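Residue numbers (my numbering), protein chains in the order written: chain A, 1 to 529; chain B, 1001 to 1476.
Written out below as structure tokens is the structure these notes cover.
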Amino acid sequence: MYSEGFPILSLITYLPLLGVLLILLIDKENIGTIRMVALLIAVLNFIISLPLFFLHDVSTHHFQFVEMLNWIPALGVSYYFGIDGISMLMVILTTFLTPLAIWSSFSAITERVKGYMISFLLLETGMLGVFVSLDLVLFFIFWEAMLFPMYFIIGIWGGPRRIYATVKFVLFTMAGSALMLVAILFLYFLNYYYTGVYTFNLQELGNFPIAPNIQLWLFAAFALAFAIKVPMFPFHTWLPDAHVEAPTAGSVILAAVLLKMGTYGFLRFCLPLFPHAVYEFMPAISILAIIGIIYGAMVAMVQKDVKSLVAYSSVSHLGFVMLGIFALNVQGLEGGILQMINHGISTGALFLLVGMLYERRHTRLIADFGGLSKVVPVFAVAFMIITLSSIGLPGTNGFVGEFLILLGTFKTNATYAVLAATGVILAAIYMLWMFQRVMFGEVTKEENKKLTDLNLREKLILLPLILLVFYIGFYPKPLLVRMEASVEHLLDTVNKKYRVESIEQNNQDKKITIAEIVNPEKNEGTHDE
Amino acid sequence: MNVQIDLSLLYPHLFLLIWALLIFAIDFFMTEDNRPSLGYLSIVGLIITAILSFASDKGTTFWGAFRADTFSLSFNIIFIGSAILTIASAIDFVKDRLKHHGEFYGLILLSTLGMMFLASSSDLLSLYVSLELATIALFVLVAFMKRDLKSTESGLKYLILGAASSAILVYGISLLYGLTGTLTFAGIAEQLNTSFMGGPLFILSIILIIAGLSFKLAAVPFHMWCPDVYEGAPTPVTAYLSVASKAAGLAAMIRIFFEGLHSSAAEWIPLILTISALAMVLGNVVAVRQHNIKRLLAYSSIAQIGYILVAFIAVSELATTSMILYMIVYMFANIGAFIVVITFYNRSGSDEIIAYAGLSKRSPFLAISMVIFLLSLVGIPPMAGFVGKFYLFAAAIQKGYYWIVVLGVLTSVISLYYYMMVAYQMYFKSGDDNSRIKVNPTLAVAILIALAGTLFIGVYPEPVLSAISGASVTLF
């Protein structure tokens, strides 16, 4: 469908920018047109991105739809786009959820619509750029660039404590990624030292053994940036604030896509670049993940606000993803990646549902509801399905992901798996308990009797999500097949390099210090710039 | 030694000198209504000077005291660019508040001329003289609002401290001359490489030179004058001061230290390292508490010098390139931010950050421009500031100075906080006055140029990089 060399990834990434330009030309009073343009661009982007899924070559782990241009030749920065089975799924997830999120804000956002839609489309460009970039500088640029649209989305259209939440969100993320920038530069000169090539190209960077003691530092710098984004316990404190204060669509995108950038970062950068450190840090990260799973679930249980309950459930779910990734076997990784998609769908849908409820009642407190299943039956059914998917009931998408993760973890360390499994039980408790208090029983509040059920737009927004819940639940194979080659290759890389490094480490008589590697000239006492 | 005087190398300078004098002269023959056109006339003169700079040859003349090379050309463009943006932003301001058009524009041109000589100077004497030419014009400009108490106070402060720092600089220069017996940078470098061994007096001369020039850069601990002078000076002068004057100081530093003293780098690197670390920490931390936008930008500019000096300690080709690149990036972002401040002040008469509340509704264009300039100063991609900082930090890491870079990126996070507080007022708050602000065409064009520079270099830095890449070759 797309001929060889057609820059499809660039098209998908920058199409939202075109939307921004179009919207800039529209008068800000003309809200209807602005909304339609934003939605149409987002839908169009989804349609253009679909062939990536169907044309994906499952037989190879190589990057596909590659675009490669020199960008800053003096430094060896390239404009390098490409996707494999892992990032392809993330791209589709992003282009799939953005139009739904935009559509859902038609009724929720009535003020400063122009700025809102511009921010949202800018955000989409940033997110897609993160997933398709294979050059470290390019990746970093998109990684930081998407921060500011989100800053405005939470800060302008958010809830009462939005300023606090958005400043916290931005500062946390920036603090994390600041050190990553230093690590990127360090890696770059290290690579030059070993190979004599100045490059930020991810595939060329990894081709030399980094001394294990240096790997630990570099891994830590990258991991901090990603761990804050995921967020892993104990870096999660920005998340509940940001989620609760963000407007519905902001929460949806935040949960469904932004958090995945953290886990994706681990997969794309930390694992292949620093295999030794990965093994070194594996127990620590697994334990933090388990703490996150249990802690997130426990805190979710006592929340009075539905939205913060969902927010804390995210901490728990992302713990599962991290556990799966750091099981370092095929099942664990595949489960982790699948769970990234699943969490996007289920939690995205949960935030949408909570938002719909909020628009009707202007409250999210569990205590303000009760007996809603009698008043709004269609809403109740949708809510039920998504709740079960979030718990991971067999037949829904959540089950497949969590099952694979636990399977993978069990193979590595049975204790971890047992501990993590309690998270599944806790999830059932807090989700069902919440569901029961909101949906069942008598309608105690007068206001709740007059609630209207979902309208056509809302049904159409939820329908694709619900279909996917069952589709992935019953037949996850199309997704798993597409990620398989990439996952296996990733594990191969990690293990092969790990072994090579271990051998070299043993043979090494003297340990290289960081200063020697960074500044070879200094030791030779010459000055030859 | 080269005995002939090759005046063709000096055409841009001579032209600018004549033009500046003409501006002073024409002023007499104009009616008050026509005088604002002197501003446009000055811009035309600067553009012609820029073209002449590009066209004129490269080489050395005046017995090695004057040198035109890619390095001086790059800095000339920064000085001229700053002057053009400043004058464009000043035309309304001068008309409404300053009067004395001819003197104002003429002095800016003269100061620019001094800086251009400075970037080309290749011995200590011509360096000192051109530095004075640049600075004395600035003393007058800072105190230009002569009926305004703050402006005169800051003018006096700047004059006294400036004179003191010049004295310190001369003291250092004379010591260095006494020790090496030569004034030219090349001669000093040769002395250091062959016979001269250093010693306490040599260290003292270096310390004095660094102290004298750090004053011009407003680097910690020689920054005390900076916030007061920035606040008191007429805002266009502040804009000019914050970029061109810093660039001039930096050019002088690079000339002296990279060209003359680089073989004794081990002696002065610790000093610069300390100054850089102090500037980044103090500038950023104190900026958090500011409520006047000009003072905020003053402290942020102190921090910016800290970032630039991070690359300075690398003493390499990459360091020179990165500092020039950053200066260009900083010029667009910082003067851009000041133009927004001027536009806003012309309308509201206030520089308080609280007064910016609701600006996004009063003028979306001003608000989003301000956000883009501030983000560029933080170094958030895709703004040019990111590419600039990336280069600076790369230069330092290449030489193994990673802790200073870690400090740099962490203090950048602090800077994000206070810049965001400005964005917070503009976007998340609403003020009492909701009338729309109309931006007049000259100011709008100036802002658009700054925006274009900021975004273009951020997205595609290659043309600028290849233009300045030759700048450092001559120094090593």
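From the three backbone atoms N, C-alpha and C, an ideal C-beta is built for every residue, glycine too.
These numbers were taken from a predicted model, which means no experiment stands behind them.
Nearest residue (CA-CA) to residue 123(A), options 31(A), 457(A) and 252(A): Within the first sequence, numbered from 1, the residue matching residue 123(A) stands at position 123. Ranking 31(A), 457(A) and 252(A) by Cα distance to residue 123(A) puts 252(A) first.
Residues sharing a beta bridge with residue 1068(B), DSSP: In the second sequence, counting from the first residue as 1, residue 1068(B) sits at position 68. Residue 1068(B) has 1059(B) as its beta-bridge partners, per DSSP.
Strand pairing of residue 1082(B), partner residues [DSSP]: Position 82 of the second sequence, counted from the start, is the residue given in the question as residue 1082(B). Per DSSP, residue 1082(B) has no beta bridge partner at all.
Residue-level contact to chain B via CB, residue 97(A), 9 Å cutoff: Sequence index remark: in the first sequence, residue 97(A) carries index 97 (1-based). It does not; no Cβ of chain B falls within 9 Å.
Residue range of the beta strand (DSSP E) that includes residue 70(A): Working through the first sequence from its first residue, we reach residue 70(A) at position 70. Per DSSP, residue 70(A) belongs to the beta strand (DSSP E) from 64-72.
Nearest residue (CA-CA) to residue 497(A), options 270(A), 420(A) and 370(A): On the first sequence, residue 497(A) is found 497 positions in, with the first residue counted as 1. Answer by Cα proximity: 270(A).
Selection of the region 207-223 of chain A by Cβ proximity to chain B, strictly under 7 Å: none
Segment limits, alpha helix (DSSP H) that includes residue 408(A): Translated into positions along the first sequence, residue 408(A) becomes position 408. First-last of the alpha helix (DSSP H) with residue 408(A): 397-412.
4 or more residues per run - each alpha helix (DSSP H) lying fully within the region 92-173 of chain A: 113-132, 136-145 and 147-157
Any alpha helix (DSSP H) of 4 or more consecutive residues that is wholly inside the region 1294-1361 of chain B: 1317-1348
Min CB distance residue 447(A) to chain B below 9 Å: Here residue 447(A) refers to the residue found at position 447 when the first sequence is read from its first residue. Output row for residue 447(A): interface = no.
Interface flag, residue 73(A) vs chain B, CB-CB below 9 Å: Taking the first residue of the first sequence as 1, we reach residue 73(A) at position 73. It does; some Cβ of chain B falls within 9 Å.
Per DSSP, the bridge partner or partners of residue 1123(B): Taking the second sequence and counting its residues from 1, one reaches residue 1123(B) at position 123. BP columns for residue 1123(B) point to 1184(B).
Contacting residues, own chain, Cβ-Cβ under 7 Å from residue 1311(B) (five flanking each side not counted): One-based indexing of the second sequence puts residue 1311(B) at position 311. Answer for residue 1311(B): 1319, 1322, 1323, 1392, 1395 and 1396, listed in chain order.
Sheet register partners of residue 313(A) (DSSP bridge): On the first sequence, position 313 is the one that residue 313(A) refers to. BP columns for residue 313(A) are empty, so no partner.
As assigned by DSSP and simplified to three states, the class of residue 1363(B): Translated into positions along the second sequence, residue 1363(B) becomes position 363. Reduced to three states, the DSSP call for residue 1363(B) is coil.
For residue 232(A), the nearest candidate out of 86(A), 408(A), 323(A) and 247(A) (CA to CA): Your numbering for residue 232(A) matches position 232 in the first sequence. Here the closest residue by C-alpha is 323(A).
N- and C-terminal bounds of the beta strand (DSSP E) containing residue 82(A): Against the first sequence, residue 82(A) aligns to sequence position 82. Looking at the DSSP string, the run of the beta strand (DSSP E) that includes residue 82(A) is 77-83.
Residue burial classification, residue 330(A) (beta-carbon count within 10 angstroms, cutoff 16): Working through the first sequence from its first residue, we reach residue 330(A) at position 330. Burial call: buried.
Contacting residues, own chain, Cβ-Cβ under 6 Å from residue 382(A) (five flanking each side not counted): The residue given as residue 382(A) occupies position 382 in the first sequence. Correct list, in chain order: 462.
Which residues DSSP lists as bridging residue 201(A), in chain order: For the purposes of this step, residue 201(A) is taken as residue 201 along the first sequence, with counting starting at 1. Note: residue 201(A) sits in a beta bridge opposite 135(A).
Three-state class that DSSP yields for residue 305(A) in the structure shown: Looking up residue 305(A) in the first sequence gives position 305. Here residue 305(A) sits in strand by DSSP.
Segment contact, 8 Å Cβ cut-off, at least three pairs: the region 355-370 of chain A with the region 297-311 of chain A: yes
Within 9 Å, strictly: CB atoms of residue 318(A) and residue 230(A): Indexing the first sequence from 1 puts residue 318(A) at position 318. Indexing the first sequence from 1 puts residue 230(A) at position 230. Yes; because the gap between Cβ atoms is below 9 Å, this pair is in contact.
Opposing strand residues paired with residue 365(A) [DSSP bridges]: Sequence index remark: in the first sequence, residue 365(A) carries index 365 (1-based). Residue 365(A) pairs with 305(A).
Contact set between the region 1401-1428 of chain B and chain A, restricted to residues whose Cβ is under 7 Å from the partner: 1402, 1405, 1406, 1409, 1410, 1412, 1413, 1416, 1417, 1420, 1424, 1427 and 1428
Closest Cα partner of residue 370(A) within the set 205(A), 435(A) and 427(A): On the first sequence, position 370 is the one that residue 370(A) refers to. The candidate whose alpha carbon is nearest that of residue 370(A) is 435(A).
Coil, strand or helix - residue 207(A) by DSSP: Here residue 207(A) corresponds to residue number 207 of the first sequence, with the count starting at 1. If DSSP states are grouped into helix, strand and coil, residue 207(A) belongs with coil.
Distance between residue 411(A) and residue 525(A) (C-alpha atoms, nearest Å): The residue labelled residue 525(A) in the question sits at position 525 within the first sequence. The residue labelled residue 411(A) in the question sits at position 411 within the first sequence. Note that residue 525(A) scores a pLDDT of 38, beneath 50, so its modelled location is shaky and nothing firm can be said.
Segments assigned alpha helix (DSSP H), at least 4 residues, entirely inside the region 214-282 of chain A: 238-245, 248-253 and 259-265
Residue 1109(B) beta carbon less than 9 Å from that of residue 1083(B): Residue mapping note: residue 1083(B) aligns to position 83 of the second sequence, counting from 1. Residue mapping note: residue 1109(B) aligns to position 109 of the second sequence, counting from 1. Contact flag set, yes.
Cβ distance (whole Å) where residue 248(A) is taken to contact residue 108(A) below 8 Å: Reading the first sequence from its first residue, position 248 is the one you call residue 248(A). Reading the first sequence from its first residue, position 108 is the one you call residue 108(A). Going by Cβ atoms, the distance from residue 248(A) to residue 108(A) rounds to 5 Å, so yes, they are a contact pair.
Range of the contiguous alpha helix (DSSP H) that encloses residue 1013(B): Here residue 1013(B) corresponds to residue number 13 of the second sequence, with the count starting at 1. Residue 1013(B) -> alpha helix (DSSP H) spans 1011-1028.
Chain A contacts made by the region 1254-1286 of chain B, where a contact means CB separation under 9 Å: 1262, 1263 and 1265
Neighbourhood of residue 514(A) by C-beta, 7 Å cutoff - its chain only, sequence neighbours within 5 removed: Counted from its first residue, the first sequence places residue 514(A) at position 514. Annotation note: pLDDT 49 at residue 514(A) (below 50); position unreliable, coordinate value reported separately. Excluding sequence neighbours, residue 514(A) sits near 214.
Min CB distance residue 1128(B) to chain A below 9 Å: To locate residue 1128(B), count along the second sequence from 1; it is residue 128. Not one chain A Cβ lies under 9 Å of residue 1128(B).
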